[in-house]
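Okay, structure first, notes after.
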């Protein structure tokens, strides 16, 4: 006779994530917790994959010593999945879209430019577009958005990567970016927990220290996380920053990444985060030099990370073996490994990342070059461009001298993230042809030389130009001395230009904070970055084809406060 179990009985159906967890070996479980990024070790990664010991792959692995072309990237992704014995997750830094890393994809303005629009709809669409392009080429984790509150104007590494210096605006727009990304099946990683906004040191180079007490940290740095977690945030990336006020009573002065009090007690237990906890790169000097590759990996997992970003300079075997040995010795409990791997697999299942369907390069090309995505990027650029001075705007387009800076980093490989910094002066020259019937262009170094000064002086004296335009590209880059600002020599050159042309136009393709160090000429336009659409927007405003509506999302100084924009 069949037993009557009653209406309250519910059969437990085993999920695909649970099935995978049961059949994964210890090797395979540890592999799920490492994003392999050793860019000199592509063959080793393939070998580890064949052995079932590859669970995560970073884009830097594919590009730095390989190719940045669409067909090659997709071939790599398809090959990895075809040979894998367990699900693989592909990880990508794409703060400004896929074009940061690859030779394809829609370029987007900076998050500070997004902040200047104040638009929830554009924030949602930006997240959605970047995620769609990432999924189209097989990437399931995108390191976005930055939710640091940039409260320190001298911050060399967050700066324009932040939406704002106001918690409310950061939370408002970040929530929409996250929503757009998650709806398209991508894990976003809100970063850099507990917060990187109140620092004056690049954590790629050394370990910053934030000395605020816990109450003020909860009110400022941690507020966006609290709100995003409540709305179902799937991923967080952590920071190699020392937060003395958040450390446990028995913890030494360790960075947040390695603190169990911060990663587990605060983030998991107090704030209630249930998504994937991913470390920032273990290549970064502040942690690698202090702890070494193996120890940093073990301590990061012990603190509570589900996934760690492997040091990109070393054999992935080192990181894998360090974690394997720590589990075998009992230093890392098997229960913690299972908990993290279960979480990874469940989120993969939720976003349909457990099973891989071979990707078509032809289909992907329709997504990564989508006119709809380009239109969204252009609209963000148009609505973000901010006029700070407008003595004689718009310009006439008659005789014009354009002076533009060239950064020493242009064309070089970024040390950690795997992208190439693309110069934009050629694009600026081409676009100027649409606005000025008669213009000369003079290129100078980011740190102007004596020869640069002489050439500018000569150009200004050789001809009575109706308009003078000075374009500076103020980039925020890891490992770069002077990141997010301009050298004093460039300020001196701007003063020289002002003496000859008081109503020149300063175009700031990057950080508005440089205005803390100078008084601009009679006209000044800021775009918060050098995305091609941002360059377009600046020129449209300069020549009267677009009415600027962008407002500063940060306070620069008393003259240019939060919300300012002509």
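Residue numbers (this note's numbering): 6 to 571.
Ideal Cβ placement from N, Cα and C applies to all residues, glycine included.
Beta-carbon separation (whole angstroms), residue i vs residue j, contact threshold 8 angstroms
i, j, result
"residue 241", "residue 280", "7 angstroms"
"residue 479", "residue 405", "Actually they do not touch by this definition, with Cβ atoms about 22 angstroms apart."
"residue 123", "residue 556", "7 angstroms"
"residue 202", "residue 157", "6 angstroms"
"residue 320", "residue 96", "Incorrect: roughly 18 angstroms between the Cβ atoms, too far for contact."
"residue 154", "residue 225", "6 angstroms"
"residue 541", "residue 438", "In fact, because the Cβ distance is near 13 angstroms, the residues do not count as touching under 8 angstroms."
"residue 345", "residue 387", "Residue 345 to residue 387, Cβ: 43 angstroms. No contact."
"residue 382", "residue 112", "7 angstroms"
"residue 138", "residue 372", "6 angstroms"
Residue i and residue j closer than 8 angstroms at C-beta
i, j, result
"residue 246", "residue 204", "yes"
"residue 274", "residue 298", "no"
"residue 134", "residue 378", "yes"
"residue 61", "residue 136", "no"
"residue 119", "residue 100", "no"
"residue 304", "residue 263", "yes"
"residue 109", "residue 389", "no"
"residue 530", "residue 547", "yes"
"residue 197", "residue 244", "yes"
"residue 509", "residue 503", "yes"
"residue 477", "residue 513", "yes"
"residue 91", "residue 50", "no"
"residue 528", "residue 395", "yes"
"residue 533", "residue 515", "yes"
"residue 248", "residue 261", "yes"
"residue 191", "residue 146", "yes"
"residue 370", "residue 471", "no"
Three-way DSSP call (helix, strand, coil) for residue i in this model
i, result
"residue 476", "strand"
"residue 39", "strand"
"residue 567", "coil"
"residue 286", "strand"
"residue 46", "coil"
"residue 421", "Low confidence applies to residue 421: its pLDDT is 49, below 50, so where it sits in the model is not reliable enough to give any reading."
"residue 198", "strand"
"residue 356", "coil"
"residue 458", "helix"
"residue 146", "strand"
"residue 440", "coil"
"residue 11", "Since pLDDT at residue 11 reaches only 47, below the 50 mark, its modelled position is unreliable, and no value is offered."
"residue 536", "coil"
"residue 32", "helix"
"residue 96", "strand"
"residue 162", "coil"
"residue 6", "Because the pLDDT at residue 6 is just 39, under 50, the model does not fix this residue reliably, and the value given afterwards should be weighed accordingly. The answer is coil: DSSP assigns residue 6 none of H, G, I, E or B."
"residue 495", "helix"
"residue 450", "strand"
"residue 185", "helix"
"residue 555", "coil"
"residue 175", "helix"
Residue-level contact to chain D via CB, residue i, 8 angstroms cutoff
i, result
"residue 147", "Among the protein chains of the structure shown there is no chain D, as only one such chain exists."
Buried versus exposed call for residue i [16 or more other C-beta atoms within 10 Å across all chains shown]
i, result
"residue 325", "buried"
"residue 130", "buried"
"residue 495", "buried"
"residue 258", "exposed"
"residue 339", "exposed"
"residue 141", "buried"
"residue 353", "buried"
"residue 188", "exposed"
"residue 34", "buried"
"residue 568", "exposed"
"residue 351", "buried"
"residue 526", "buried"
"residue 549", "exposed"
"residue 376", "exposed"
"residue 28", "exposed"
Please give me, in chain order, every unbroken run of the beta strand (DSSP E) with length at least 3 that falls completely inside the region 197-262. 240-243
Can you list the beta strand (DSSP E) stretches of 3 or more residues lying completely in the region 49-120, in chain order? 61-63 and 94-97
Taking the runs of the beta strand (DSSP E) that are 3 residues or longer, which of them lie wholly in the region 298-377? 312-314
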